[in-house]
Ligand code: GRF
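In the UniProt record's numbering, the protein residues as written are 2 to 193.
As structure tokens, this is what we get:
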């Protein structure tokens with residue numbers, strides 16, 4: 002299974018996937034990593050010798066133009082699966098439609114709780130005692146697609162957004178790797 006990963010940030014989830022995919026018996030290969038900016042996480046791809054591209058958000062007039070360029074970049078690789086891992090942009094509906102349901106996303110909350118760009122901060126603000134991590138199929142909503150995997154993560158007294166997010170991320174990484182593996186082996190069928 003060929004995988005394209007899209008990021009915006011540090012790419013710690015990406016790195017975990019690259020490390021898993023290094024094992025010869027892992028049934029998926031990351032063939033390209035893309036970002037909507039000069040993301041720090043692109044360095045992980047470079048370290049692993051994986052091609053990268055950036056489609057800077059600010060170089061396009063609107064989401065559709067940005068999405069069209071992103072689509073052209075992805076077409077070079079025609080990946081079997083697109084993994085959004087810390088991409089902080091919504092894909093335009095046209096791009097989702099082109100790849101659906103072969104686009105998955107990791108989210109640092111127990112969806113449908115706390116969707117959107119600030120899931121960790123929102124869980125803290127809500128004062129819940131537990132939140133979670135989720136891997137879902139991307140549809141043209143915001144974190145609203147079918148849930149492929151999720152697991153609860155406790156919120157501890159004194160947690161900050163950072164400390165809670167750092168507790169969530171390892172769970173996210175494990176779930177993401179499991180989901181990619183199961184998609185590659187066919188144990189998990191994607192439906193939109
Ligand atoms: C992850 O928790 C992801 O789910 C969220 O942003 C974080 C990205 O972290 N959208 P990283 O860039 O993988 O370190």
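Backbone N, C-alpha and C define an ideal beta-carbon position, used for all residues, glycine too.
Cβ of residue 139 within 8 angstroms of Cβ of residue 85? yes
For the candidate residues 158, 36, 83, whose alpha-carbon lies nearest to that of residue 124? 158
Between the Cα of residue 54 and the Cα atoms of 71, 35, 68, which residue gives the shortest distance? For residue 54, the closest alpha carbon among the candidates 71, 35, 68 is that of 35.
Starting from residue 77, trace the alpha helix (DSSP H) in both directions and tell me its first and last residue. 64-78
With 16 other CB atoms within 10 Å as the buried threshold, where does residue 57 fall? exposed
What are the uninterrupted segments assigned as alpha helix (DSSP H) that are 4 or more residues long and contained completely in the region 100-160, given in chain order? Complete alpha helix (DSSP H) runs here, min 4: 120-127.
Is any non-hydrogen atom of ligand 1 found closer than 7 angstroms to the C-beta of residue 109, if you look at the structure I gave you? yes
In terms of residue numbering, what span does the beta strand (DSSP E) encompassing residue 1 cover? Since the first and last residues shown for the chain are 2 and 193, residue 1 lies out of range.
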